[in-house]
Structure formats: structure tokens, C-alpha cells
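Q: Per my numbering, the first sequence starts with residue 11, numbered consecutively.
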Amino acid sequence: MAEALGVHIVKEKPKREEHLLPPLPNVQKYSRVHVRFAPNPDSVIHLGNTRAALLSDEYAKMYRGVFILRFEDTSPSVKPPMPEAYEVIREDLRWLGVNWHEEYIQSERLPIYYEYAEKLISMGSAYVCTCRPEQFREMVIAKRPCPCRDLPLEIQIKRWEGMLDGTIKKGGAVLRIKTDLTHPNPAIRDWPAMRIDTKPHPLQGKKYRVWPLYNFACGIDDHLMGITHILRGKEHEVNTQRQLYLYKYLGWEYPEAIHYGRLKIEGAILSKSKIRQGIDSGIYKDWSDPRLGTIAALRKRGFLPETIRRLILEVGVKPSEAMISWDNLEAINRKLLDPITKRLIFVPDPVPLQIIGLPKEFVAQIPLHPDHPEWGNITHKVTPSLNTIMVSSKDLSSFKQGTIFRLMNLFNVKLLDSSICAFLSESVAEIKSLGAPIIQWLPKDAGTQLSVIMPDAKVTEGLVDTNILNETLPNTFQFYRFGFVKVYREDSGLVGYYSHD
RNA sequence: GCUCCGGUAGUAUAGUCCGGUCAAGUAUACUGGCCUCUCGAGCCAGUGACACGGGUUCAAAUCCCGUCCGGAGCACCA
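1. Is the beta carbon of leucine 34 closer than 8 Å to that of isoleucine 322?
2. Here's the rule: buried if 16 or more other CB atoms are within 10 angstroms of the residue's CB, otherwise exposed. What is leucine 273?
3. What does alanine 446 pair with, by DSSP beta-bridge criteria?
4. Looking at arginine 42: is its Cβ nearer than 8 Å to the Cβ of glycine 75?
5. Within 10 Å of its beta-carbon, does glutamate 148 have 16 or more other beta-carbons around it, so buried, or fewer, so exposed?
6. Out of Ile350, Met400 and Thr393, which has the shortest C-alpha to C-alpha gap to tryptophan 385?
7. Output the boundary residues of the alpha helix (DSSP H) element that contains tryptophan 170.
8. Do tryptophan 105 and isoleucine 131 have their C-beta atoms within less than 8 Å of each other?
9. Going along the chain, which residues of its own chain have a beta-carbon closer than 6 Å to the beta-carbon of serine 330, five neighbours each way excluded?
10. How far does the beta strand (DSSP E) with glutamine 253 in it reach, from first residue to last?
11. Could you spell out where the beta strand (DSSP E) holding glutamate 82 opens and where it closes?
12. Using 8 Å as the threshold, is the segment 346–360 in touch with the segment 383–401, meaning 3 or more CB pairs across them?
13. Taking its Cβ as the centre, do 16 or more other Cβ atoms sit within 10 Å of glutamate 68, making it buried, or is it exposed?
14. Can you tell me the Cα-Cα spacing of leucine 103 and cysteine 141, whole angstroms?
15. To which residues does DSSP link methionine 3 through a beta bridge?
16. Relative to the alpha-carbon of glycine 236, which residue among Pro394, Lys282, Arg219 and Glu112 has its alpha-carbon at the smallest distance?
17. Taking leucine 68 as part of the alpha helix (DSSP H), name the residues at either end of that continuous run.
18. Specify the secondary structure class of proline 114 as computed by DSSP and reduced to three states.
19. Which runs of the alpha helix (DSSP H) spanning at least 4 residues fall entirely within the segment 316–396, listed in chain order?
20. According to DSSP, phenylalanine 433 sits in a beta bridge with which residue or residues?
21. Spatial neighbours of threonine 5 within its chain, please: C-beta separation below 6 Å, excluding the five flanking residues on both sides.
22. I'd like the span of the beta strand (DSSP E) that includes tyrosine 507, first residue to last.
23. Using only the alpha-carbon positions, how far apart do isoleucine 165 and lysine 39 sit?
24. Rounding to the nearest angstrom, what Cα-Cα distance links arginine 499 and serine 408 in this structure?
25. Report the residue from Glu82, Met92, Tyr264 and Ser87 whose alpha carbon sits nearest the alpha carbon of valine 54.
26. Locate the alpha helix (DSSP H) running through methionine 149, then write down its first and last residues.
27. What separation, rounded to the nearest whole angstrom, lies between the Cα atoms of arginine 242 and leucine 254?
28. Name the DSSP bridge partner or partners of methionine 133?
29. Going by CA-CA distance only, name the one from Thr476, Ser461 and Val474 that's closest to tyrosine 507.
30. Candidates Val108, Glu247, Ile441 and Cys139: which alpha carbon is nearest alanine 203's?
31. Where are the beta strand (DSSP E) runs, 3 residues long or more, that stay fully inside the segment 473–502, in chain order?
32. Give me the Cα-Cα distance between isoleucine 448 and lysine 410, rounded to the nearest whole angstrom.
33. Would you grab the beta carbon distance between proline 369 and valine 401 for me? Rounded to a whole angstrom, and I think it's under 8 Å.
34. What is the C-beta distance between glycine 134 and leucine 163, in whole angstroms, given that I count them as a contact (C-beta under 8 Å)?
35. Leaving aside the five residues before and after valine 469 along the sequence, list all residues of the same chain whose C-beta is less than 8 Å from its C-beta, in chain order.
36. Straight-line CA distance for leucine 314 to glycine 303?
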């Protein structure tokens, strides 16, 4: 109808229109887009890894494609898989809102890799190399074939069997894919595909002693799983070049590979090895230590999955490196959190303050959200006999004797000495015209102990409005004049993790 | 050193393919002001960038060359 009238109806604009992802290349070549996220379960995932996962997920949704989760756990001794990591990673992905349609674990697919290894050997496209690594390197730099390269097929097969049956010891041989020995990049010349690793695998035990290297397993799997578009960091650019040879020999077409630059976040640790090292040495409590850039840490601190997704989409797929600032991340999170988060009183480092000269009983109405009066208020009473309240020592110590200030939502007082003040008046307007400070407070017995872990892992102790115990926890609150805090109920009591202002 | 890949404000990003509408947009940060019983949110205004040098062109952030700077890779890791 509208079209008949020559009117073009614009559908509801996407919320993030300014950060829509660019289209994927050559989508029309494939019947259905297949993307994958292939983490190594040797550790948990962090903001950097999330980039591949979220970008792939977003594209899968954009094209109604298939998202494949593949655990790349084929290095028992160099990157030993952490048994619990498989589930922790799934958990993190679910939390991030990533939907995967298929899941594979490479350590369960060794027979497939063996099959292709044998095929490539018999085709003369791969050979078993028994040179010492340094020896091989010398030759390859000189663009000369190593002595193993052109050995007859029967010997290659015999050597391959030797790798499998244990005749050849660990480190004694490696399967190499033939490439171009004159390739300008020495790293590409006759790259290794399989090696012997006798360390028991957490999932497979001692079942296998020959394991595929990254390029072999990944290259084969990407094809077998029908991957059409690969999103990965640019550290893999050379790997793409290597795998091209494999695809050529097997007559396969290589997927579209998109390489993005590294993601760093100012001040936070994003290196898996450094994280693990820090945990082992006790510097960090665990993977969710607030100083880390892990998903577990961001979640614990109250960052929302949507925040992380928006950030990743904003950064996009550029090949250059990006240094994310906390300001940006926090601003996104604050914008999402602010309208939906209850306000409560938290008094850091509390000290008592007695109020004298009270003419009557006062009831303070503290809104749960200033922009949502319908959410209601929390009330606190101060009477001539119940006249001691708790305030932050930081506030109190900044006031000189005689300072006039307001107790938020209550009344105005004048400081007499370090722990006594006198009732002055009730009017808000009065205090505003003076430009005097307004501070948060709690009646002496209305607070519950709360330890807030700050982003630098230091702890701020304080009292939080006891009404928090009526809330479902964990939950994020905004404490007046303090900031957003995600509060947990732990055995030791209430523990909060500071998100941001 | 070798092989690749990049460089738009403090940070991130749009624009670069298909030169003019870009005296460069947006977000955040910062500075002023308004609003607010939070040092939160919101509103208004402002500061701030095309790495440098050549070339092509009537015209260059956009194309070409050089320089500088940055990153990645050069594992029997992924």
C-alpha cells in the first residue's frame, strides 16, 4: 500500500545504527553463513577473546547463520587443557548471550586428523621429518629441502607408523606439510602438522601420542565444519597463508578470513599466561579478580553483557590495535544501569555523629530512584532520643567546626565538634542557597556491614542500608554519592564489587 | 634482522574502496552553564584530530611515492 503511494517506509531504526557491522565478504557465494569461535580451554576467556565470539555471534544472527563452538585442546604439554575450563567458557558465552548451534572438541577428533595425515603422506604432500629443529631451520632458511622431504613413500609410511606406535620417541619426528621452499616468508616453508606429545590429556588420557598442531587441526576442521567466514586476530595472518597449501592439496576452497587487531584495555591484564601466573603466585585471588580483564571479572564487577557487546561492536573489525579505556566501558555500562538500578545509602568508613537540639521526630524519605518516584522510598527515623547517626568519616573530617551541611532527605545541621552537631532547620532551599554540602547518612542501627572490593582490589568497609537484605542478591545498586556496586551474599557477610561512579 | 599489516582529537569510532556535499560526524573524557535533596542521570554550549614530506588533480583524510611511528608473525603453542 505504502509502496503503491510511492512512500518508502523505513523500518524501525536499529538502536546501534551508528555501529552496525560492515557486511561480510562474498556472502552470496555460500548457501548459509557458518562462523566459529575456537577457544583453547587452557584458561578462561577475557575481553580480547570475546571479540571473536561476539563478532561471530553478531554475524551469525545478522545472516541467520550457524555458530560453531570448537574447543582447540590439542596440546597436552605446551597448553595443557584445564578440565573445568570447558564448562566455564560455555558459561561465559551463555552469559554474553552467544548462541551456538554446534559444538566440537578437537581432542575427540584425532582419528579424523590421522586419516588426513595419511592421505597427504600418500599423496606426497606431507612427509615425516626426523631432523632436529635447529637443523631443519638452517636448511629451510637456506631454502633447501631437508633430507627427509624426498624420501620414498614406503619410508614415509614406515616413519609415520613409528610415530604412532612409539618406535619413534617424543621429539624424534614431526609430520610436515610441503609448501614452497622459496616462499619469501621462512615461517611458511614446510610447516609442521603433527608432533608427538606423550603427556596424558585431561580428556583423552594416554589414548594418543601423536597430536595435530594448530594449522592442521584448524584447517581441516574449518572445512569439515563448513565454516564460511573466519574472524580471528591478525596473529593468525601467517597461519592463513600456511593453511592455503593444505586446502590446495585437498582441493578445498578456503573460507573468507577476516583478521582484526589486538584489543587492550588500559591497566588491565589480558594475557592468559600472566593471569595464570598471578593466580598461582597469589597476587590475584582468582580469575574474577577485579584487576583482570576476564569475563568472570567484568561480570563480577557488575558489567552487563550488553555493555561488552556494544563495546565490541563499536570497535568493530579493524586490523589496527585498539586500546580500550575504562571510561568508555564504564560510560556504556552506566547508561544501561542508571535507569534500572535501585539507589541505597552506603556509608563508607562510618563514624557516629550525635544530633542535639531536636524539636521533634523526623522521618527521612529516601527515594529508591530519583527518576522513578513510583518505586517508592525507604524511610529512616531520627528522634530526640534516637539521635545518633552514622556518616562517612571522609565527609565529617572535611568539615570544620561550625560548618553547616544537610543530612540528605532529613534536615540541616551545624557541626559543633567532631562528633556532635546541632539541628538547624528543615528547608532544602535554604541549604541550596548556601551551596552547602549534602551528605548521606544512616541511623545508628540501620546499617549492615558491607565490604566493597574496589577495582584495584583494595577494600572499602562501610555500612549499607539494612533494607538491602530484602533485595534479591546478587544485584547491582547505586549507592548515593559512592557509585555502582554489585552486592553478593557470601558466607562471611555482604561483599560488594565496585563497578564505577 | 626477515615477512606481513596498520596510522582520523586523551580514548574509541564514522568517512578512505567509488577524490569535491569533510573548514571532518558520533560516543566518551575535559571545560562552562542549566536541572537535580547523589560526587549518578538528564539538558545546552565549548575545547580538541586527518603522523610527516613530496607528487597526481581544478579539487586529496580519500589516489601514488618516500619518511617516521606502531603492531603482528618468524614454536615439534593456539
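Note that the Cβ used here is the ideal one computed from N, Cα and C, for glycine as well.
A: Well, looking at it:
1. As a working mapping, residue 322 is identified with position 312 in the first sequence. As a working mapping, residue 34 is identified with position 24 in the first sequence. One thing to note: isoleucine 322 has its Cβ no nearer than 8 Å to the Cβ of leucine 34.
2. As a working note, residue 273 is residue 263 in the first sequence. Leucine 273 is buried by the Cβ-count criterion.
3. Looking up residue 446 in the first sequence gives position 436. Answer by DSSP bridge pairing: none, since alanine 446 is not bridged.
4. Taking the first residue of the first sequence as 1, we reach residue 42 at position 32. Taking the first residue of the first sequence as 1, we reach residue 75 at position 65. Yes, the pair counts as a contact, with Cβ atoms nearer than the cut-off.
5. On the first sequence, residue 148 is found 138 positions in, with the first residue counted as 1. Exposed, since its Cβ has fewer than 16 Cβ neighbours within 10 Å.
6. Taking the first residue of the first sequence as 1, we reach residue 385 at position 375. For the set Ile350, Met400 and Thr393, the Cα lying nearest the Cα of tryptophan 385 is the one of Ile350.
7. Here residue 170 corresponds to residue number 160 of the first sequence, with the count starting at 1. Residue range 163–175 is occupied by the alpha helix (DSSP H) that includes tryptophan 170.
8. The count along the first sequence starts at 1 and reaches residue 105 at position 95. The count along the first sequence starts at 1 and reaches residue 131 at position 121. The answer is no: Cβ separation not under 8 Å.
9. Numbered from its first residue, the first sequence carries residue 330 at position 320. A distance below 6 Å between beta-carbons, with the five flanking residues on each side excluded, links serine 330 to the following residues of its chain, in chain order: Gly271.
10. Here residue 253 refers to the residue found at position 243 of the first sequence. Unbroken run through glutamine 253 is the alpha helix (DSSP H), 247–260; no beta strand (DSSP E).
11. Numbered from 1 along the first sequence, position 72 holds the residue referred to as residue 82. Looking at the DSSP string, glutamate 82 is not in any beta strand (DSSP E), and its letter there is neither H nor E.
12. As far as the Cβ criterion goes, the segment 346–360 touches the segment 383–401, which means the pair count is three or higher.
13. Along the first sequence, read from residue 1 onward, the residue named residue 68 stands at position 58. Classification for glutamate 68: buried.
14. Indexing the first sequence from 1 puts residue 103 at position 93. Indexing the first sequence from 1 puts residue 141 at position 131. Leucine 103 and cysteine 141: Cα-Cα distance of roughly 42 Å.
15. Nothing can be reported for residue 3, as the shown portion of the chain is limited to 11 through 511.
16. Residue numbering aside, residue 236 sits at position 226 when the first sequence is read from its first letter. Per the Cα distances, Glu112.
17. Counting from one through the first sequence, the residue named residue 68 turns up at place 58. Correcting the residue type first, residue 68 is glutamate in the shown sequence and not leucine. Unbroken alpha helix (DSSP H) run through glutamate 68: 57–72.
18. On the first sequence, position 104 is the one that residue 114 refers to. The sequence as given places tyrosine at residue 114; proline does not occur at that position. In the structure shown, tyrosine 114 sits in a strand (DSSP, three-state: E or B).
19. Here the runs fully enclosed are 336–347.
20. In the first sequence, residue 433 corresponds to position 423, counting from 1. Answer is Val423, bridged to phenylalanine 433.
21. Outside the displayed span of the chain (11 to 511) sits residue 5, for which this structure offers no information.
22. In the first sequence, counting from the first residue as 1, residue 507 sits at position 497. Segment 503–510, the beta strand (DSSP E) holding tyrosine 507.
23. Your numbering for residue 165 matches position 155 in the first sequence. Your numbering for residue 39 matches position 29 in the first sequence. C-alpha separation (whole angstroms): 42 Å.
24. Within the first sequence, residue 499 is the residue found at index 489, counting from 1. Within the first sequence, residue 408 is the residue found at index 398, counting from 1. Distance from the CA atom of arginine 499 to the CA atom of serine 408, rounded to whole angstroms, is 33 Å.
25. Looking up residue 54 in the first sequence gives position 44. From the listed residues Glu82, Met92, Tyr264 and Ser87, the smallest Cα separation to valine 54 is found for Met92.
26. For the purposes of this step, residue 149 is taken as the residue at position 139 of the first sequence. 143–151 is the extent of the alpha helix (DSSP H) around methionine 149.
27. One-based indexing of the first sequence puts residue 242 at position 232. One-based indexing of the first sequence puts residue 254 at position 244. Using only the alpha carbons, I get a separation of about 16 Å.
28. Looking up residue 133 in the first sequence gives position 123. DSSP output for methionine 133 lists no bridge partner at all.
29. Residue 507 sits at position 497 when you count from the first residue of the first sequence. Of the candidates Thr476, Ser461 and Val474, the one whose C-alpha sits nearest the C-alpha of tyrosine 507 is Ser461.
30. Residue numbering aside, residue 203 sits at position 193 when the first sequence is read from its first letter. Ranking Val108, Glu247, Ile441 and Cys139 by Cα distance to alanine 203 puts Cys139 first.
31. List check, beta strand (DSSP E) in window: 485–489 and 493–500.
32. Reading the first sequence from its first residue, position 438 is the one you call residue 448. Reading the first sequence from its first residue, position 400 is the one you call residue 410. Roughly 15 Å separates the two Cα atoms.
33. Numbered from its first residue, the first sequence carries residue 369 at position 359. Numbered from its first residue, the first sequence carries residue 401 at position 391. Actually they do not touch by this definition, with Cβ atoms about 21 Å apart.
34. By 1-based counting over the first sequence, the position of residue 134 is 124. By 1-based counting over the first sequence, the position of residue 163 is 153. Contact flag correct, Cβ pair sits at about 7 Å.
35. Taking the first sequence and counting its residues from 1, the one referred to as residue 469 is at position 459. Result list for valine 469: Ser461, Val462 and Ile463, in chain order.
36. Counting from one through the first sequence, the residue named residue 314 turns up at place 304. Counting from one through the first sequence, the residue named residue 303 turns up at place 293. Rounded to whole angstroms, leucine 314 and glycine 303 show a C-alpha spacing of 14 Å.
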